[in-house]
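Q: Quick note: the sequence shown, position 255, residue 255 per UniProt numbering, numbers continuous.
All C-beta atoms, glycine included, are put in the ideal place defined by N, C-alpha and C.
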Amino acid sequence: MDDPVLLTGAGGRVGQAILSRLADEYDWRLLDREPIPEERRHGVPESASIVADVTDEHAVADAVSGCGAVIHLAGDPRPDAPWDSVLANNIDGTQTVFSAAVDAGVEKVAFASSNHAVGAYETDERTPEMYRTDDEYRLDGTELPRPSNLYGVSKASGETLGRYYHDHADLDVVCVRIGNLTEGHPPREYERGQAMWLSHRDCARLFRCCLEADYGYEIVYGISDNDRKYYSIERAKEVLGYEPVDNSAEYTFKGEPKDDAA
Ligand SMILES: NC(=O)C1=CN([C@@H]2O[C@H](COP(=O)(O)OP(=O)(O)OC[C@H]3O[C@@H](n4cnc5c(N)ncnc54)[C@H](O)[C@@H]3O)[C@@H](O)[C@H]2O)C=CC1
Ligand SMILES: O=C1O[C@H](COP(=O)(O)O)[C@@H](O)[C@H](O)[C@H]1O
1 MDDPVLLTGA
11 GGRVGQAILS
21 RLADEYDWRL
31 LDREPIPEER
41 RHGVPESASI
51 VADVTDEHAV
61 ADAVSGCGAV
71 IHLAGDPRPD
81 APWDSVLANN
91 IDGTQTVFSA
101 AVDAGVEKVA
111 FASSNHAVGA
121 YETDERTPEM
131 YRTDDEYRLD
141 GTELPRPSNL
151 YGVSKASGET
161 LGRYYHDHAD
171 LDVVCVRIGN
181 LTEGHPPREY
191 ERGQAMWLSH
201 RDCARLFRCC
211 LEADYGYEIV
221 YGISDNDRKY
231 YSIERAKEVL
241 GYEPVDNSAE
251 YTFKGEPKDD
261 AA
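1) Beta carbon of residue 128: closer than 8 Å to some heavy atom of ligand 2?
2) With 16 other CB atoms within 10 Å as the buried threshold, where does residue 108 fall?
3) Under a Cβ-count criterion, where at least 16 other Cβ atoms within 10 Å of its own Cβ denotes burial, should residue 202 be classed as buried or exposed?
4) To the nearest angstrom, report how far apart residue 73 and residue 195 are at their CA atoms.
5) In three-state terms, what does DSSP make of residue 225?
6) Counting only the same chain and skipping the five closest in sequence on each side, list residues whose C-beta sits under 7 Å from that of residue 67.
7) With a threshold of 8 Å on Cβ separation, who are the neighbours of residue 147 within its own chain once the five nearest residues in sequence on each side are excluded?
8) State the CB to CB distance for the pair residue 186 and residue 255, rounded to an integer number of angstroms; the pair is presumed to be in contact (CB under 8 Å).
9) Is there at least one non-hydrogen atom of ligand 2 closer than 8 Å to the beta-carbon of residue 155?
10) Return the first residue and the last residue of the alpha helix (DSSP H) that residue 166 is part of.
11) Is residue 119 near ligand 1, in the sense that its beta carbon is under 8 Å from a heavy atom of that ligand?
12) Across which residues does DSSP place residue 127 in a beta bridge pair?
13) Shortest alpha-carbon distance to residue 26 belongs to which of 212, 219, 159, 87?
14) Under a three-way DSSP split, which group does residue 17 fall into?
Here is the structure:
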């Protein structure tokens with residue numbers, strides 16, 4: 001991707017996992033409703049850092065003008081977020097970004113969806129076994145959404161908005177159902193979290209693939225190559241060329257590297 005890339009929500013956790021590793025690889029434009037301090041811009045000049053809300057259609061149109069791709073992360077990430085917040089920040093904001101991307105002639109948008117779009121597949125009958133290494137249950141991205149909560153509903157809505165703009169405006173869209181991003185080690189003493197761990201470096205690797213690969217409309221899971229897993233990463237490997245390097249099995253249940261524990 002030679003054209004500028006707009007990264008919304010750049011100041012947050014996922015944005016930083018990406019930007020801290022890929023700052024030198026792309027001509028970034030950053031957007032966040034909070035000013036991003038210099039140490040979190042990783043060399044991106046202040047002039048390329050826009051303070052705006054993703055529901056502000058004029059600001060988003062300006063931000064995306066001339067970009068070849070968008071990584072859209074901005075939104076309310078709380079699984080217990082109330083409806084008014086996910087309606088504005090996640091649904092309205094995502095529609096604003098997709099629509100502005102189409103108007104600006106952007107080629108592709110990578111949308112941060114979530115495990116919570118499909119959390120209700122984790123039924124009492126399937127858990128906790130599905131979180132364990134010897135269980136073969138897998139979601140692969142072809143299943144219908146079954147949200148855990150209203151936040152998950154907003155993420156499923158974002159995926160559907162992506163489908164709409166792909167079908168009607170030929171925008172290339174990849175929805176990444178991100179698992180649980182933590183830095184340095186998998187979530188501690190949390191089976192579910194260890195099964196859907198996404199390390200910071202795998203997060204950057206995956207979103208780089210989203211910028212470089214050719215696709216039409218895709219839903220993929222964003223996790224590391226954990227031995228414990230109930231999300232397939234085959235589609236991300238096949239279509240995007242994703243090659244994860246981390247695995248929660250390399251850490252103890254308490255989150256210590258097994259090499260150190262030996
Ligand atoms: N961290 C995780 O493990 C996961 C995150 N996600 C999704 O990834 C995205 C990023 O999540 P995190 O980085 O963890 O959250 P975060 O809260 O650390 O970062 C979100 C960023 O977006 C900005 N933002 C929020 N609403 C905005 C708005 N209306 N306009 C402009 N900027 C806005 C915030 O200021 C913040 O810098 C979210 O869409 C979240 O739903 C999905 C699954 C897992
Ligand atoms: O979508 C998200 O999922 C992660 C993991 O969910 P959790 O229920 O195991 O905490 C969450 O940490 C993150 O805030 C959220 O945006």
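A: So, from the data block:
1) no
2) buried
3) buried
4) Cα to Cα, the separation comes out at about 22 Å.
5) In the structure shown, residue 225 sits in coil (DSSP, three-state: anything other than H, G, I, E or B).
6) Within the same chain, 3, 4, 5, 6, 29, 104, 106 come within 7 Å of residue 67 by CB-CB distance, once the 5 residues on both sides are set aside.
7) So the list reads 116, 117, 118, 119, 120, 153, 155, 156, once near-sequence residues are dropped.
8) Indeed they touch by this definition, with Cβ atoms about 6 Å apart.
9) yes
10) Boundaries of the alpha helix (DSSP H) harbouring residue 166: 150 to 169, taken from the DSSP string.
11) no
12) Answer by DSSP bridge pairing: none, since residue 127 is not bridged.
13) 212
14) helix
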